[in-house]
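Quick notes on the structure that follows.
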Amino acid sequence: MYATWYRPLEKTVSCLSKLYHCLESSVFTGLALEAVEVCTASLQSASKVIAKRATPMDGQLFLIKHLLILREQIAPFEIEFSVTHKELDFSHLLDHLRRILRGQVSLFDWSRSTSLARTFSPRILENQIDARKELEKGLKSTCEEFIMSITKLVVDPMLSFVTKVTAVKVALSSGSQGQNLDSVLAKPLKTQAFASPDKVAELVQKVGTAIQQDLPKAMTKLMLYLQNPSTRLIIFKPIKSNIVEAHIQLQSLLNSEYSAEEIQSIGMLSISDLQSQ
């Protein structure tokens with residue numbers, strides 16, 4: 001079971017499993033909290049190294065895989081993975097000392113509002129640390145990063161084009177009637193160099209190639225790290241949704257700015273065909 005696990009994770013889980021029934025709950029809770037924190041930090045550090053030596057995708061998938069394992073392995077422990085740290089805070093004294101030095105407050109004013117006992121009493125700060133929640137937070141963040149990186153890998157040309165068109169439209173709509181707009185912005189969209197039917201067809205072809213080649217490679221790597229089909233599906237569904245949404249945005253733009261003949265020449269994959277893949 002441990003064969004493909006990162007060694008610090010293996011040692012953490014093994015140690016906690018052996019100690020769970022040997023220690024008092026309060027003692028084990030403190031130990032487990034610190035162990036999970038250190039293990040999570042170690043996984044994040046290893047992920048960064050892998051991202052540099054291999055690819056960012058490998059680093060993300062490594063972290064997702066091992067955070068999932070860690071979450072699964074600590075689930076049976078019937079303890080709270082949270083602790084409240086209390087510390088004394090004297091930061092408010094600095095402001096009061098400044099007021100004394102400026103003569104705004106007397107050091108010997110023993111009135112109730114400014115008595116030394118009240119003024120120089122430290123504040124108690126409470127800081128709750130929940131290792132399980134931090135683990136979940138890190139897992140969610142890494143999954144979102146992976147999803148967005150694959151989305152960008154596949155449909156970045158399409159997203160960049162839609163963003164640029166939106167910027168042009170905003171520039172046009174913000175100009176008043178008496179204002180001389182730039183001649184380029186004043187042209188119909190499809191007559192501009194970056195938005196000609198040929199240019200749009202080119203970016204559509206790039207995205208189509210990425211769907212046929214880059215996306216399957218990414219999914220193969222996903223299968224390499226995550227063996228559970230349901231887990232892979234949870235990650236893949238938003239990727240597919242993002243890809244479909246990018247096509248919907250471009251299709252809507254084409255319908256409003258280009259003729260039927262031009263749309264046909266662009267050769268964009270239909271939304272229904274894309275959703276069925």
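The opening position of the sequence shown corresponds to residue 1 in the numbering used here, with each subsequent residue numbered one higher. Note that CB positions come from ideal geometry on N, CA and C, so glycine has one too.
- Burial is judged here by how many other beta carbons sit within 10 angstroms of a residue's own beta carbon; ILE64 has at least 16 and is buried.
- In the same chain as LEU253, and ignoring 5 residues on each side of it, the C-beta atoms closer than 7 Å to its own belong to VAL162, VAL165, in chain order.
- Counted as a single uninterrupted DSSP element, the alpha helix (DSSP H) harbouring PRO216 occupies residues 215-225.
- Assignment of beta-bridge partners to ILE271 by DSSP yields no partner.
- When the Cα atoms are used, PRO188 and SER196 turn out to be separated by approximately 10 Å.
- The closest CA to that of SER272, considering only ALA260, ILE248, VAL49, is found on ILE248.
- DSSP, read as helix, strand or coil, puts ILE79 in coil.
- Just so you know, the alpha carbons of VAL207 and TRP5 end up roughly 35 Å apart.
- One alpha carbon belongs to VAL244, the other to PHE236, and they sit about 12 Å apart.
- A direct Cα-Cα distance of roughly 21 Å separates VAL155 from MET223.
- DSSP places GLN73 inside the alpha helix (DSSP H), whose first and last residues are 56-74.
- Counting only the Cα atoms, CYS39 lies some 14 Å from GLU72.
- Counting along the chain, PRO188 sits inside no alpha helix (DSSP H), nor does DSSP assign it H or E at all.
- Counting every other CB atom within 10 Å of its CB across the protein chains shown gives ALA210 a total of 16 or more, marking it as buried.
- Membership of GLU34 in the alpha helix (DSSP H) is indicated by the continuous run 25-53.
- Judged by DSSP secondary structure, HIS247 falls within the alpha helix (DSSP H) whose first and last residues are 229-257.
- Burial state of VAL200 is buried, judged by a 10 Å Cβ sphere holding 16 or more other Cβ atoms.
- Separation of GLY59 and THR12 (C-alpha to C-alpha, rounded to the nearest whole angstrom) is 20 Å.
- Within the same chain, and ignoring the five residues on either side of ILE150 in sequence, the residues whose Cβ sits closer than 6 Å to its Cβ are ALA218, ILE239.
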